[in-house]
Amino acid sequence: MCMRYLSVCICLLLNMSSGIAGDWTQWRGPNHNNVAATGQTVPAEWSESTNIVWKASVPGRGHASPTVVGNSVFLCTAVEATQAQSVIAYDRTNGRQLWATDISKGGFPPIHPKNTHGSSTIASDGKFIFATFSHHEKVEAVALSLAGKIIWRKDIGGFRPEAYEYGYAASPTIHKDALIVSGDSDTVAWVKAVKLSNGELIWEQQRPKFLNWSSPIVANIGGRDQLLLSGLHMIASYDPATGKPLWKTECLTMATCGTCVWEGDLIFASGGYPDPETVAVKADGSGVVWSNQVKCYEQSMVVHKGYLYAFSDAGIVHCWEAKTGREMWKHRLQGPVSSSPLIVGNTIFATNEAGTTWAFEANPQKYVEVAKNQLGTSGFASLTAVDGMLFIRTSSGDGSDRKESLYCIGKK
């Protein structure tokens, strides 16, 4: 009996550990590359009446992707009528709203019609959640408990685009005990790290003053941790512990919105303004390996077993050999595109701005479609996957009739 009890306890602990490892704790997920944790499968097909575990109403607007920690799903959102920015939590099992905490009111800057005032995805260390919002010509970071209590809040830096007032979009990332936040604009540009515990500044680096909306991400590549940022006519690498610049490779265009991806000793990024370009650079900063003129402006790309996949602005899926840039195939779907593709197992999920999601094989030989799905009429937030469930933020309607929703897709 004692041995049986011990075995049950061990199984429970293992299940708890695997659940924690599978949490989607920040932008780009547990592996920082929009690839779901291994060993899970999710439904490839869904509709309003098929494979919907639950649907929840989301007030306001936001492009922040769902962050999943334990039994909670967290979102940033903003209500333009009252100029209120908030963090909302939902019960992962049934979609019930657990709490909503207002962070800021007023001071909304002008933004691009496709952007929102709640576009940054929440990051978490498993104990607290961390959100960033732009208002009153600055970027503010806030730490909350998992129950929604504000622990600390700090003004991280100024943010005042002038030439094109398109708003803020970068998501924060976590490295060890630091929250790393960036703010690129044509009047002030920086990347900074603050302590998770109290928001105190750890380090800061100034960046060239150009318009850019890419998010920082930490990759273990080239034998060390590197903080990667694309845009401003380069891909730049910093030491995430100290902020010290490691290298920069001149490439790309001025403005990128997507986040760097990597495999082996190569880093990949794409940009869209003023010129379209997709590039691969060496992880030690020694130069550009290959490039082409495909435009992935808003969205990031994904890498799978030696091949780079992209869903371009024009609505075309591309597959390239990662090491050489050789085109394996391309297949026209439908654009425009702002959401980033997600890989679960051997399946890629790609969503366009109309809320259509295609599921197709991560197959370098040819495009093999698995399913085509529709939820709502708008899709800007990227999908996330945890423990066999997909979480999708979408909306229906326009103007005053627009309603935003959060869906949980899974086998009932």
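For the sequence shown, numbering that gives the first Met the number 0 begins at 0 and goes up steadily by one. Beta carbons are placed, not taken as given, at the ideal position from N, Cα and C, and that holds for glycine. All values reported here derive from a predicted model rather than from experimental measurement.
- Here A146 is exposed, its C-beta having fewer than 16 other C-beta atoms within 10 Å.
- Cβ contact annotation for S144 (same chain, cutoff 7 Å, sequence separation greater than five): F127 and I150, in chain order.
- When C-alpha distances from W328 are compared across Y306, D185 and P207, the shortest belongs to Y306.
- 7 Å or more divides the Cβ of G354 from the Cβ of Q333.
- Excluding five sequence positions before and after K194, the CB atoms of its chain that fall closer than 7 Å to its own CB belong to D176, A177 and I201, given in chain order.
- From the listed residues K104, E136 and N211, the smallest Cα separation to P273 is found for N211.
- Between the alpha carbons of S214 and G257 lies a distance of about 7 Å.
- Counting the other Cβ atoms within 10 Å of the Cβ of P239 gives 16 or more, which makes it buried.
- The shortest C-alpha to C-alpha distance from I155 to any of S339, N345, A140 and S64 is the one to A140.
- Residue pairing from DSSP leaves E161 without any beta-bridge partner.
- Counting along the chain, the unbroken beta strand (DSSP E) around G182 starts and ends at A177 to D183.
- Each of G117, L97 and T115 was checked against the Cα of K148, and the nearest Cα belongs to L97.
- At least 7 Å separates the beta-carbon of T76 from that of S64.
- Within the stretch 106-139, the complete beta strand (DSSP E) segments at least 3 residues long are 127-134, listed from N- to C-terminus.
- In this model, N30 and A36 are separated by some 8 Å (Cα to Cα).
- Look at D400 here: in three-state DSSP terms it is helix.
- Contact between A370 and E44 holds, since their C-beta atoms are separated by about 4 Å, short of 8 Å.
- Taken in chain order, no unbroken stretch of alpha helix (DSSP H) lies wholly in the stretch 190-250 with a span of 4 residues or more.
- Only residues of its own chain outside the window of five on either side were considered, and among them W319 have a CB closer than 6 Å to the CB of E326, listed in chain order.
- Of all alpha-carbon atoms in G230, D283 and A254, the one lying nearest the alpha-carbon of G222 is that of D283.
- According to DSSP, residue pairing for M388 in a beta bridge involves V385.
- DSSP places G257 in the coil class of the three-state scheme, outside both helix and strand.
- Shortest Cα-Cα distance from E262 to any of K304, S269 and I234 involves K304.
- Between the alpha carbons of G166 and L226 lies a distance of about 23 Å.
- In this structure, the straight-line span from the alpha carbon of G396 to that of G28 is close to 29 Å.
- Its chain contains W189 as the residues whose beta carbon lies nearer than 6 Å to that of Q205, once the 5 sequence neighbours on both sides are disregarded; these appear in chain order.
- A residue is called buried when at least 16 other Cβ atoms come within 10 angstroms of its Cβ; A309 meets this threshold and is buried.
- Residue environment analysis places Y237 among the buried positions, since at least 16 neighbouring C-beta atoms fall within 10 angstroms of its C-beta.
- Spatial neighbours of L389 in its own chain (CB-CB distance under 6 Å, excluding positions within 5 residues in sequence) are listed in chain order as V41, L382 and I408.
- Distances from the CA of F209 to each of F73, P160, H135 and A169 were compared; the closest alpha carbon is that of P160.
- DSSP places G156 in the strand class (E or B) of the three-state scheme.
- I102 is not a Cβ neighbour of T66, given a cutoff of 7 Å.
- Annotated as distal: A169 and I179, with beta-carbon spacing of 7 Å or more.
- Note on geometry: alpha-carbon atoms of V138 and Q364 lie some 44 Å from one another.
- Approximately 3 Å separates the beta-carbon atoms of G106 and H135; this is inside 8 Å, confirming the contact.
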